[in-house]
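This report refers to the structure that appears directly beneath it.
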Amino acid sequence: MKIGRCDCGAGYPVVRLRRLRTTPSVRDLLQETHLSVKDLISPIFVQERITKRETIQSMPGIERIPPSEIINEVQTVLDLGIRAIMLFGIPFYKNKRDGSAFLEHGIVQDSVRVVRKHFGSRVAIITDVCLCQYTTHGHCGIVVKGKIDNDKSVRTLAKVATSHAEAGTDMVAPSAMMDGQVKAIRKGLDENGFEDVAIISYSAKHASPLYGPFRDIACSRPQFGDRRTYQMSFTNPREAMHEIEQDIREGADIIMIKPAIPYLDLIYQAKKNTNLPICAYSVSGEYALIKAAAGKGLIDEDSVMTESLTSIKRAGADLIITYYAKKMAALLNE
Ligand code: PBG
Ligand code: ZN
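Start counting at 1 in the sequence shown, then tack on 11, and there's your number in the working numbering.
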């Protein structure tokens, strides 16, 4: 224990912690954790073959956008000072295997090309790499006889990641929770000359009901069973660290913990145990909870948003993916 003033055990009334809380300017001077717009990553959902922005009831304020709107959307994000987007595609076709997940002109691939062409390196593009939006059964891997086949899935995920790299993404974010996916993706990228494309791995991704609103917006709800044979249980913190260790060994550049608010202990532990940058994904349900309570007048939205996101940073996250990115940035810029 560090002792500040003297080691004589002085406490109150010599020590008064309230002295440094007297006015806003004094408090500002002593602020320890600072959330910046540069910490924020804004998710974008692009849907194939729609012509107007669409909203859904479970995620007020978040839209599915048509390909024609993507430049506007990225411009809005950049104007707020945010430097990174997380791109999700909602394809027109789904099938039993992998749908259009690695097509040269799939929805994500084409969106990446448009953004890259228009904005050059002014925006960091991150693409989610998974199969659940592309398969009719809605699972994150390839299903063989009712089970998710790990190694087949991993081979396909590597193709998906490489196709995103070919389109010009900066980072790929594998979210399928298949064993060996980071290794296979790194190999696939390197063999195709994409040594500089980074992997931001959803390392400790938990099976969570907080993904509900996302599945509505991304049309990716599993049509049978659930995701518990691949996503983690919220009861197993040591296993979460093991997942992170494995991803680091396999070549991840950034590790991710998801959801964020109920998992701050894991963010903190990951920060202590590794020197890699840490990303936290504050998921759709976390957003929906605040929105719903604020909508009923039960809490103040801006304050709860600020407290939640700053606390994720305080726990140890270097980067935060949040549906509040734009709103938080606007508030930080005030
Ligand atoms: C797809 C994916 C999901 C999320 C990110 N990528 C959903 C899932 O695993 O069902 C969740 C994001 C959120 O809830 O905001 N694998
Ligand atoms: Zn998935």
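Glycine is no exception: its CB is placed at the ideal position from the N, C-alpha and C atoms.
- In the displayed model, lysine 269 falls within a strand according to three-state DSSP.
- Selection Gly100, Asp311, Val26, Arg30 evaluated against glutamine 144 yields Gly100 as nearest (Cα-Cα).
- For leucine 91 and aspartate 311, the gap between their C-alpha atoms comes out near 22 Å.
- In the DSSP assignment, glutamine 234 falls outside any beta strand (DSSP E) and carries neither an H nor an E.
- With a cutoff of 6 Å, cysteine 230 does not count as near ligand 2, since its C-beta is closer than that to no heavy atom of the ligand.
- Considered as a whole, the stretch 281-341 harbours 295-306, 312-326 as its complete alpha helix (DSSP H) runs of no fewer than 4 residues, in chain order.
- In this structure alanine 21 is exposed. Its beta-carbon is surrounded by fewer than 16 other beta-carbon atoms within 10 angstroms.
- Listed as beta-bridge partners of glutamine 58 by DSSP are Ile101.
- Environment of ligand 2, chain-ordered: Cys141, Cys143, Cys151, Ser186, Ala187, taking every residue with Cβ within less than 6 Å of a heavy atom.
- In this structure, the alpha-carbon of alanine 328 lies about 28 Å from that of aspartate 237.
- Boundaries of the alpha helix (DSSP H) around proline 35: 35-40.
- Excluding sequence positions up to five before and after serine 47, its CB lies within less than 8 Å of the CB of Leu343, all in the same chain and listed in chain order.
- Its Cα nearest to that of isoleucine 301, the residue Met316 stands out among Lys128, Met316, His253.
- Listed in chain order, the non-local C-beta contacts of glycine 117 below 6 Å within the same chain comprise Ser111, local neighbours out to five positions each way being set aside.
- Counted as a single uninterrupted DSSP element, the stretch harbouring aspartate 258 is not any beta strand (DSSP E) but the alpha helix (DSSP H) occupying residues 248-261.
- Placement of the Cβ of aspartate 237 at a distance of 6 Å or more from every heavy atom of ligand 1 is found.
- Distance check between serine 244 and each of Asp227, Tyr274, Ile265 places Tyr274 closest, using alpha-carbon atoms only.
- With a beta-carbon spacing of about 7 Å, arginine 197 and glutamate 261 fall inside the 8 Å limit used to define contacts.
- Arginine 29 and phenylalanine 235 have their alpha carbons spaced roughly 56 Å apart.
- For valine 26, the Cβ stays outside the 6 Å cut-off from all heavy atoms of ligand 1.
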